[in-house]
Amino acid sequence: MRTVNDAPSLRAAVRAWKQEGATVGFVPTLGNLHAGHYSLLDLARKHADRVVVSVFVNPTQFAAGEDFEKYPRTLAQDSAGLAEHECDLLFAPDVETIYPCGAQHSIRIHVPQVTETLEGAHRPGHFDGVATVVAKLFTLVMPELAVFGQKDWQQLLVVKRLVRELSLPIEIIAAPTLREADGLALSSRNQYLNRAERALAPQIHATLQWMREAARDGHPARVVETVAMQRLERAGFAPDYAVLRRADDLALPDEGEREGLVALIAARLGATRLIDNLPLD
Ligand code: PAF
Numbered sequence: 015m016r017t018v019n020d021a022p023s024l025r026a027a028v029r030a031w032k033q034e035g036a037t038v039g040f041v042p043t044l045g046n047l048h049a050g051h052y053s054l055l056d057l058a059r060k061h062a063d064r065v066v067v068s069v070f071v072n073p074t075q076f077a078a079g080e081d082f083e084k085y086p087r088t089l090a091q092d093s094a095g096l097a098e099h100e101c102d103l104l105f106a107p108d109v110e111t112i113y114p115c116g117a118q119h120s121i122r123i124h125v126p127q128v129t130e131t132l133e134g135a136h137r138p139g140h141f142d143g144v145a146t147v148v149a150k151l152f153t154l155v156m157p158e159l160a161v162f163g164q165k166d167w168q169q170l171l172v173v174k175r176l177v178r179e180l181s182l183p184i185e186i187i188a189a190p191t192l193r194e195a196d197g198l199a200l201s202s203r204n205q206y207l208n209r210a211e212r213a214l215a216p217q218i219h220a221t222l223q224w225m226r227e228a229a230r231d232g233h234p235a236r237v238v239e240t241v242a243m244q245r246l247e248r249a250g251f252a253p254d255y256a257v258l259r260r261a262d263d264l265a266l267p268d269e270g271e272r273e274g275l276v277a278l279i280a281a282r283l284g285a286t287r288l289i290d291n292l293p294l295d
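Sequential numbering from 15 applies to the sequence shown in my numbering.
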């Protein structure tokens, strides 16, 4: 595996592959990689001849009060894991490479509508930062396809909309969420849970499963959401939301609508905020 930090080296490597007729798959990450990230890489490998993974802790997607400085930087460990998983190229740029005019003064891409709710409402500016860095990374890597995890359902919709609006010739592939045996979705944030919190955390997935069953049994969405919030509070969470939404744009479903929905939860356990979701179909 090669590691490059600058745009000209990245472009030269990708250009050489394309001249050979190879297709390029891309997995953008913030680093601090775990098995969930490696499953994205494995999926990219199934669809492309060469795979590029980026590790970049993107300052513009951290909302006020979220600790950009404290995000774990584990590049040596990430690099070893990527090499083991047969990544072809690790792109690990510094902030100046991605934001030549400074992160604060960078252009910003705002994806409307789908960003206005849920994570967008709780983390102001977060999706502008995500859309901006993903657009910048796409123009640098120029992949044929890119893989994003379904765990960040709303982010996946934002990226799909970005690609559509900018007419980028990049196929977006959604990777299923990887879970621990007890149902907890893999996430870098799980490492912050203490023993008691870790024992409670699978209740998020259990509540999503309950929401799916209750919706399938015909209970009204508002009732399902209220009971789900109560379940989470009783278990010791401080939930931000537990909702049923249309899977393709996160709009509120009509009364009685059951097809094409997704259940989504965001909840705090102590100082850690966890998100997860479950499609109903
Ligand atoms: O999901 C992530 O890890 C990040 O939001 C992404 C897509 C790498 C953009 O920084």
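We put the CB at the ideal spot given by N, CA and C, even for glycine.
In this structure, the alpha-carbon of T286 lies about 7 Å from that of L207.
For G163, the enclosing beta strand (DSSP E) starts and ends at 159 to 163.
With respect to the C-alpha of R248, the residue from D166, D20, A215, L200 having the closest C-alpha is A215. When only Cα atoms are considered, T74 and L151 end up about 14 Å apart. When DSSP assignments are scanned along the stretch 166 to 217, the uninterrupted stretches of alpha helix (DSSP H) that are 4 or more residues long and fall wholly within it turn out to be 167 to 179, 209 to 214.
Checking the 7 Å criterion, the Cβ of D290 is out of range of every heavy atom belonging to the ligand PAF. About 16 Å separates the CB atoms of F70 and I123; that is not less than 8 Å, and the two are not in contact. Following the DSSP letters along the chain, one finds R16 inside the beta strand (DSSP E) bounded by residues 16 to 18. Rounded to the nearest whole angstrom, the CA to CA distance from V144 to L104 is 19 Å. One residue after another in chain order, those with a Cβ under 6 Å from a heavy atom of the ligand PAF are P42, T43, L44, N72, Q75, V144, V147, V148, D166, Q169.
Residue environment: P114 is assigned as exposed (fewer than 16 neighbouring CB atoms within 10 Å of its CB, all protein chains considered).
Closest in alpha carbon position to A199, among E185, R178, D166, is D166. Taken in chain order, the complete beta strand (DSSP E) segments of 3 or more residues contained in the stretch 250 to 291 are 252 to 260, 275 to 283. Listed in chain order, the non-local C-beta contacts of D102 below 6 Å within the same chain comprise R64, V65, local neighbours out to five positions each way being set aside. By the Cβ-count criterion, V237 is exposed, with fewer than 16 other Cβ atoms from all chains shown falling within 10 Å of its own Cβ. In the structure shown, R25 adopts helical secondary structure according to DSSP, grouped into three states. H61 is not a Cβ neighbour of L192, given a cutoff of 8 Å. About 19 Å separates the CB atoms of D290 and G274; that is not less than 8 Å, and the two are not in contact.
Collapsing the DSSP output to three states places S120 in coil. The Cβ neighbour count for D231, taken over all protein chains shown within 10 Å, is under 16; the residue is labelled exposed. Taking R59 as the centre and dropping the five residues before and after it, the same chain places the C-beta of V65 closer than 6 Å to its C-beta, in chain order.
Within the same chain, and ignoring the five residues on either side of S68 in sequence, the residues whose Cβ sits closer than 6 Å to its Cβ are P42, F105, L151. Of the candidates S23, G197, L96, the residue whose Cα lies closest to the Cα of N46 is L96.
Distance from the CA of A195 to the CA of H219, rounded to the nearest whole angstrom, comes to 11 Å.
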